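So this note's numbering is basically just the index in the sequence shown, starting at one, shifted up by 13.
Even for Gly, the Cβ is constructed at its ideal location relative to N, Cα and C.
Source: prediction; values computed, not measured.
Here the structure is laid out as C-alpha cells; the discussion comes afterwards.
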Amino acid sequence: MSALRVLACLSLVSLLGLAGCTVNRPTQLYQLDAGAASVPTRENGVAVLLGPVSLADYLKRETMVQRQADGILSLSTDARWAGSLETNVSQQLLRLLSSQLDSTRLALFPEKPGFTPQVQVMLTISRLDSGPKEPAVLEARWRLLDQKGELRDSRVFHEEEEHSGSIQDQVRAQGDLLRKLSVQLAKDVRPVAAAVAEQSAAPARKPAVANTEKAKPKEEGPKIPLVVPIRTDVEVYRF
C-alpha cells in the first residue's frame, strides 16, 4: 500500500471519529440550586402549606429553554434539566422558605402534613428563563390563604439577574432569583400567620351568666287545723 493511500485511510478514519464524537456528544444535566440555607430550628414555628406550585407550559419540558435577543424561545441542544423542573423549583422554595421563616412546619401540596396550616401559598410562575445574551427573569404571582381558605394577601413578583452567558451561569442566576422570591414570600407570610395565630389565641366569648339565685319558695298560707272526727260510738248510760 502506497504512502498516499495510507494517508487517505488515516484521514478518513479521523473524519469518521470526529463525526462520531459530534453525534454522541453527551448532554449536560442541570438542577436549580439557590445556594446554602440555614437549617430551621423552631419546631413550633409558622405552619405553611406550599402549593399548588405551577409553572408556565413552556417550562414543562426536559430540554432547557433559551431566550434569544429578539424574544424567540429556542431549545438548547446540549442542556437538559435533571428531572422535573416544577418539582425542582418546589423543593428549592420549600427549603428556602423554611430557612427564612425558621420553621420546620412546612409541607408541599398535596401532602397531608398532619397539621392545619396557618397559611397556604398558591404560587404560579409564568416566566423563568434566560439566554446567552438575555438576563435571567422570574415572574410570578401568589395568593395567601388562611385556615378557612379565605384570601389574606396576594402579590405579583418580577426580578432579573445578570449572568456571564454560559449555561452554568444562567442556571446559577435562575437559582438566585428563586432565593429572592423566597425572601419576599416570607415577608408576606409572616403578618398573615401572626394575624391567624392571634385570632386563634383570642379567648372565646363568655356565655351569658345564668341567674343562679334560687327561686324563693312560695309563701305558705295559714295552716288549717285538721278536722278530728267526733266519736259517736260512746255508750250512754241511763238511770
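Proximity of residue i and residue j at Cβ, strictly below 7 Å
i	j	result
Ala82	Ile180	no
Glu174	Asp189	yes
Gln44	Ala95	yes
Arg168	Glu152	no
Ala47	Leu157	no
Gly64	Phe122	yes
Leu114	Ala199	yes
Pro166	Val205	Here residue 166 is Asp; the residue named in the question, Pro, does not match the sequence. In contact: Asp166 and Val205 (Cβ atoms closer than 7 Å).
Residue i, enclosing alpha helix (DSSP H) - first and last residue
i	result
Glu99	98-114
Gly144	Note, Gly144: premise wrong, no alpha helix (DSSP H); beta strand (DSSP E) at 132-144.
Gln48	One point to set straight first is that residue 48 is Gly, not Gln, in the sequence displayed. Gly48 -> no alpha helix (DSSP H), and no H or E assigned at all.
Span of the beta strand (DSSP E) around residue i
i	result
Gln41	41-43
Thr90	86-94
Gly64	61-68
Thr76	76-80
Status (buried if at least 16 other CB within 10 Å, exposed otherwise) for residue i
i	result
Val52	exposed
Ala207	exposed
His176	buried
Gln131	buried
Gly144	buried
Leu164	exposed
Ser112	buried
Val196	exposed
Cβ-based neighbour list, residue i, same chain, cut-off 6 Å, excluding 5 preceding and 5 following
i	result
Pro126	Ala120
Glu124	none
Lys193	Glu172
Arg108	Ala50
Same chain, Cβ closer than 8 Å to residue i, neighbours up to 5 away in sequence not counted
i	result
Glu99	Val66, Ser67, Leu68, Leu72, Lys73
Thr35	At Thr35 the pLDDT is 49, less than 50, meaning the model places this residue with poor confidence; the figure from the coordinates comes in the next sentence. Closer than 8 Å at the Cβ level, and outside the excluded window around Thr35, lies no residue.
Ile138	Val66, Ser67, Leu68, Ala69, Leu72, Val102, Leu151, Glu152, Ala153
Residue i beta carbon near the ligand NAD (any heavy atom closer than 6 Å)
i	result
Leu198	Judged by which ligands are present, the structure shown has none, so any question about the ligand NAD falls away.
task: Could you tell me which uninterrupted beta strand (DSSP E) segments, each at least 3 residues in length, are contained entirely in the stretch 121-206, listed from first to last along the chain?
output: List check, beta strand (DSSP E) in window: 132-144, 147-158, 164-174.
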